[in-house]
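A short worksheet on the structure shown next.
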Amino acid sequence: MFDFNKTTQLLIQAVAEEIEATKESGGAQGYRLLDGRRLSQIVGQYIYDFAIDGAEVDIPSDSPAQLKVGDDTHPATILSLVEGAIRIAVPGDLGPTVPAARLFVSPTYILEALRTRLEECLENPSRLSLPLIAEVFEPGDAGDGLGSLGMSGPSLGKGTSGPASVENGAEVHKGSPGVALNEEQQVAVHRAMDRPVTFIWGPPGTGKTRTLAALIQALMEREGRLLVTSHTNAAVDAVLTALLRTLPPQDREEGRIVRVGVPHSNDPVLHDVTLTAIVERKARPLKEEQAVPQASLNQIAAEIGRLEPMIRMLEARREAQGRVSKIKAEVQALSTRIVELRHHSESLQRNLHDLQDRLVQGERMHPLVRWWKGIDLQAIRHQIATTTANWEDTTSQLAEAERRRGEMATALDTVERELLQLEARLARATKTLSTPDEQVQERWKWLTNEKARMERRLQEIEAIIASIEDQVLAEAQIVGATLSKVVLTDKLYKDSYETIVIDEASMIPVPYIWFCAGLGRRRVVVAGDFRQLPPISHANDNGRYPLAYQWLRQDIFTTAGIIDENGTVRQGDPRLATLRKQYRMHPQIGELVNVLVYSRDGNPLQHHADITPLKAITGVAPGSGQALCIVDTSGLHPWCAKVNNGYSRYNLYDAVLAMAMVKEFLENGVDSIGVVAPYRAQVRLLQALRDELGLPAQRVQVATVHRFQGSERDVIIFDLTDARPAKMGKLLRGAYPGDATRLINVACSRARDKLIFLADLSYMESQGRSEDSLWEALRFVQKNGEVVDGAQFFDKSNLTVLAWLFRRVDRSKELASVNGSALYNHATFYDAFMADVFRARDRMVICSPFVHEHRLTNMMGCLLEALHRGVKVTIVSRHQDNESIVSMMNQMKDEGVQWVTVSKTHEKLAIIDNEIVWTGSLNILSHNGTSEIMFRIPSQAVAAQLYEFVGIERHLREQAARVERDTITRALAEALGLAHCPMCGNPMTLRIGRYGPFFRCADARCNGKQNIPRNRLRGVLERLHLPCPDCGEGYRDLRWRRQGTAFWGCSRFPTCRWTAAL
1246 MFDFNKTTQL
1256 LIQAVAEEIE
1266 ATKESGGAQG
1276 YRLLDGRRLS
1286 QIVGQYIYDF
1296 AIDGAEVDIP
1306 SDSPAQLKVG
1316 DDTHPATILS
1326 LVEGAIRIAV
1336 PGDLGPTVPA
1346 ARLFVSPTYI
1356 LEALRTRLEE
1366 CLENPSRLSL
1376 PLIAEVFEPG
1386 DAGDGLGSLG
1396 MSGPSLGKGT
1406 SGPASVENGA
1416 EVHKGSPGVA
1426 LNEEQQVAVH
1436 RAMDRPVTFI
1446 WGPPGTGKTR
1456 TLAALIQALM
1466 EREGRLLVTS
1476 HTNAAVDAVL
1486 TALLRTLPPQ
1496 DREEGRIVRV
1506 GVPHSNDPVL
1516 HDVTLTAIVE
1526 RKARPLKEEQ
1536 AVPQASLNQI
1546 AAEIGRLEPM
1556 IRMLEARREA
1566 QGRVSKIKAE
1576 VQALSTRIVE
1586 LRHHSESLQR
1596 NLHDLQDRLV
1606 QGERMHPLVR
1616 WWKGIDLQAI
1626 RHQIATTTAN
1636 WEDTTSQLAE
1646 AERRRGEMAT
1656 ALDTVERELL
1666 QLEARLARAT
1676 KTLSTPDEQV
1686 QERWKWLTNE
1696 KARMERRLQE
1706 IEAIIASIED
1716 QVLAEAQIVG
1726 ATLSKVVLTD
1736 KLYKDSYETI
1746 VIDEASMIPV
1756 PYIWFCAGLG
1766 RRRVVVAGDF
1776 RQLPPISHAN
1786 DNGRYPLAYQ
1796 WLRQDIFTTA
1806 GIIDENGTVR
1816 QGDPRLATLR
1826 KQYRMHPQIG
1836 ELVNVLVYSR
1846 DGNPLQHHAD
1856 ITPLKAITGV
1866 APGSGQALCI
1876 VDTSGLHPWC
1886 AKVNNGYSRY
1896 NLYDAVLAMA
1906 MVKEFLENGV
1916 DSIGVVAPYR
1926 AQVRLLQALR
1936 DELGLPAQRV
1946 QVATVHRFQG
1956 SERDVIIFDL
1966 TDARPAKMGK
1976 LLRGAYPGDA
1986 TRLINVACSR
1996 ARDKLIFLAD
2006 LSYMESQGRS
2016 EDSLWEALRF
2026 VQKNGEVVDG
2036 AQFFDKSNLT
2046 VLAWLFRRVD
2056 RSKELASVNG
2066 SALYNHATFY
2076 DAFMADVFRA
2086 RDRMVICSPF
2096 VHEHRLTNMM
2106 GCLLEALHRG
2116 VKVTIVSRHQ
2126 DNESIVSMMN
2136 QMKDEGVQWV
2146 TVSKTHEKLA
2156 IIDNEIVWTG
2166 SLNILSHNGT
2176 SEIMFRIPSQ
2186 AVAAQLYEFV
2196 GIERHLREQA
2206 ARVERDTITR
2216 ALAEALGLAH
2226 CPMCGNPMTL
2236 RIGRYGPFFR
2246 CADARCNGKQ
2256 NIPRNRLRGV
2266 LERLHLPCPD
2276 CGEGYRDLRW
2286 RRQGTAFWGC
2296 SRFPTCRWTA
2306 AL
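This is the structure in structure tokens:
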């Protein structure tokens, strides 16, 4: 049974878990942007595209941000993300190009706003349409879904709008003269108009956007307001653009359709219906009026800026004069006080002398005489003591007053000098301005008053313009905005709509749809393809984030029960309308996705694409004459590696082959090419190589499969990336209807005319399972398409593309490859490689997991010669046990070679001078007569990417930290007399256990250890005084957290807050 409060509370908790997971994965971040280009201006906003420097960005569309260019910071809005690039809008013109900028954005900003909105819904559910929410999220049956829930409402009754039968599809068509629909599209429109909730399942190419445009057009004639929304600007733009293109001119009257936010599309028709553009036109008289005081205000501000220094000096003079008067008054008062205190002190001294004389006389008298005369010695002594105390107090007050008067005199002298300096500066300023002081002050007063008056008028105009904006939104019949915009904008959220249309819903997290569905009064239409990719969530750990894992990783079709617990489509659900006729993909490609997904769902696509114009593209090699092709890289023995600081993967062989194929397609007149890969690292490598080669980005789009969803290209190259020695990644492993199936379906269905798999088939056969969707796809292409040997690109008869490729990126003709080929075997590699070593000028990095004594002996001399020439030499290998190899390693280290040993590494490559890359399956420092091969790629972009992926700098930092740690441990051990294990004589190492610090033997087989009291250890550290790496003044000290874990800190804490792991 539907429980709004309980479900909303669960969703709030799920969003909170997603926020926590997002913060843990990155939190608020700053991103470095490069090569900014101004694309266009949309009323009041300037649109820029930037390249993202290295970092992976995953931010919702319409997220607010701050863009820092130089010292200036500008408010910005994120419009869209494409792999490696970001499109943003800023209110000011930054110029045609922006070489570099910094973007600051919180990845959780939208999520936090969504949580707030859900909490508001929980506090005030009466403003929401709970029956509609229930109908969206509860599985339907053959009857009325609302009736089955025991819920009803006058606004939700069946048959209140739209035709009553499928046969009336012609009536829908008649009401939408600008949109030509096939029968099933008409049925979908009819069902959406007839029911309160409809799910339109629109696989690729079936005209989902066209259907939504027809539905909206039909609803415009019979109902009130309608909200079109989705998770991206591109998706919202697609629906509104389709609608605008089909509406007759009389239906596009001003303000009837309003696009809120900055569109991703550059379509001028869409720009004309943006809220900003409409308000600009309606408020043009006000804008013109606003321009007059604004111009005057700018002039006044400029004049105020010129007068401000003199006004500050005048104010400083008045202040100094006031201080002089005040100090003089205080000095006068102190002088008067000093005179009074002196008189009082002298009077007290006289009284004291008289009392002392009386005391002396009284003491000389006979007691009877004292009695007779009434002289009381005790009273006299008391009077002397009191008078003495009064005199001492008065003297002290006098000294303090004189001291204070001296200070005030000094202060007076200082202020008078400052006053003289101000007077001199004022005289010069007055002479420059040719205006007396009094006139300057009067002018300043008038300017500030006039500025305040104009600002008030401008605020009044802004308020009127804002009211026009409110009016435009209130009167709009169709409102288009992203879900982020709806969540962030009160005017959108607090309004209500007859119909809510949510497109591309399969990728939208469920809490957004829950929130948005309640804004409708009569109808909710959810459109998408649940066999495409699901929502993206950072909550990958079901144990830590169970609610986020459940609610934010699952698509709405599954949550709503359109798909049952077994992943099967509930075809009888009355809410579901299905589109089957596809007009986009070549039938061979369409049949491939049928085999993978749609035939299994009982919804096989029916192919109606005209293949006649497609033949020009399918006829281009590889796989000439076929729409499906596999380029098999098995014969090249490619290798795949993980980036050093993550799980993403890259495969340089595939990247080179992909760009070679792209070049051939471009030469054959193909203008729309997409290269997709499952891994971001591979995409970055592909993009770097594309840009290095000068291939046009507008014709060659490179992105991950996730980023490519919603796009389409004439040719798609699906780079699978995975190869030995890695195991097949989880992104590609899995059977129908899992996530791998959805990813492969998206990749394949992006192609219109030709689909090419770039794969190591021998590897796939060894890793894949017969039930895996990827293996099914490859078998289908093998049977119905063509398999091309990737090695043919390196045959002498087919070198034209690769020859161009390497000439295009090669910066030096004298580094031409041996035998005219870019591919080297064991017989040709070392001569070519050593030629590059001898020409090295700056830096050389060699990654060779294995090292052989014979090979290292042969290469050691030339490597050291390069080192002595000033070349920085770095070698990365696995740990070595051979004593001879270790000895040579130490000798090379002593000479200055940076030799890094890591526990696991597979990369077999060399990078020379950051512009030449050698990579392949051959271990450079251990190869001995094997049949491995190597590539030579002279490319700065590829070199930079591989240098980052391998993590050279990280390896060097970690090794430096290990050396530093070992040095400190040895120093501590020697100071404590524990340099050697008392049991076996091996070195001792510092450890921190649950009971405190101790030293144990470096040999894991020995149990030798010695506990060390904390105070003793800290005392030794104080004596050693190892300098703090940060401030240099304090020394390294051991500190403990509350949990008992130890870390390095500075002895000057909290003045110095340097810390480091132990």
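The opening residue of the sequence shown carries number 1246 in the numbering used here; numbering runs sequentially from there.
Where a beta carbon is used, it is the ideal one built from N, C-alpha and C, also for glycine.
Since the structure is predicted, the reported quantities are computational estimates derived from the model, not experimental observations.
With 16 or more other Cβ atoms from the protein chains shown falling within 10 Å of its own Cβ, Thr1322 counts as buried. The Cβ atoms of Met1438 and Leu1457 do not sit closer than 8 Å to each other. Within the region 2102-2144, complete beta strand (DSSP E) segments of at least 3 residues are found at 2117-2123, given in chain order. Cβ neighbours of Arg1995 within its own chain (closer than 7 Å, five residues either side excluded): Gly1919, Val1921, Phe1953, Ser1956, Glu1957, Arg1958 and Ile1961. Val1660 and Glu1560 have their C-alpha atoms roughly 14 Å apart. Looking at the backbone, the Cα of Glu1663 and that of Ala1565 are separated by about 8 Å. Following the DSSP letters along the chain, one finds Lys1571 inside the alpha helix (DSSP H) bounded by residues Arg1529 to Arg1609. Burial state of Arg1673 is exposed, judged by a 10 Å Cβ sphere holding fewer than 16 other Cβ atoms.
Contact between Arg1470 and Tyr1742 holds: CB atoms are separated by about 5 Å, below the 8 Å threshold. Taking the C-beta atoms as reference points, Thr2214 is found nearer than 8 Å to Leu2235. By the neighbour-count definition (other C-beta atoms within 10 Å, threshold 16), Gln1577 is an exposed residue. Around the beta carbon of Ala1750, a 10 Å sphere encloses 16 or more other beta carbons of the protein chains shown; the residue is thus reported as buried. Look at Gly2196 here: in three-state DSSP terms it is coil, with no helix or strand label. Measuring C-alpha to C-alpha distances from Arg1845 to each of Arg2286, Thr1632 and Asn1990 identifies Asn1990 as the nearest. Cβ neighbours of Asn1913 within its own chain (closer than 6 Å, five residues either side excluded): Val1865.
At the C-beta level, Gly1974 and Ile1875 stay beyond 8 Å of one another. Cβ neighbours of Leu2108 within its own chain (closer than 6 Å, five residues either side excluded): Val2118. Under the 8 Å Cβ criterion, the region 2213-2230 counts as touching the region 2257-2277, having at least three qualifying pairs. Scanning its chain for C-beta atoms nearer than 8 Å, with the 5 sequence neighbours on each side dropped, one finds around Val1717 the residues Gly1500, Val1503, Leu1520, Ile1523, Val1524 and Lys1527, in chain order. Secondary structure of Leu2283 (DSSP, three-state): strand. By alpha-carbon distance to Leu1934, the top candidate from Gly1870, Ala2189, Glu1466 and Ile1758 is Ala2189. Between the C-alpha atoms of Thr2073 and Pro1791 there is a straight-line separation of about 56 Å. In this structure, DSSP gives Trp2303 a state outside helix and strand, which the three-state scheme calls coil. Put simply, of Asp1303, His1319 and Thr1813 the residue whose alpha carbon is nearest the alpha carbon of Ala1310 is His1319.
Counting of Cβ neighbours within 10 angstroms places Tyr1892 among the exposed residues, the total staying below 16. Secondary structure note for Val1314: its beta strand (DSSP E) is the uninterrupted segment Pro1309 to Val1314. Annotation: Thr1734 to Ala1805 spans about 27 Å, alpha carbon to alpha carbon. Within the region 1429-1497, the runs of alpha helix (DSSP H) at least 4 residues long that lie entirely inside it are, in chain order, 1453-1465 and 1478-1491.
Only residues of its own chain outside the window of five on either side were considered, and among them Phe1775 and Ile1808 have a CB closer than 6 Å to the CB of Phe1802, listed in chain order. Between the region 1763-1780 and the region 1362-1381, the count of C-beta pairs closer than 8 Å reaches three or more; the two stretches touch. Counting only the Cα atoms, Pro1336 lies some 6 Å from Tyr1291. For Ser1879, the closest C-alpha among the options His1831, Leu1930, Ser2018 and Ile2178 is that of Ile2178.
Glu2031 is bridged by DSSP to Cys1874. With a contact defined as Cβ atoms closer than 8 Å, Ala1854 and Gln1833 miss out at about 10 Å.
In this structure, the alpha-carbon of Gln1932 lies about 6 Å from that of Val1947. Rounded to whole angstroms, the gap between the alpha carbons of Ala1379 and Phe1247 is 6 Å.
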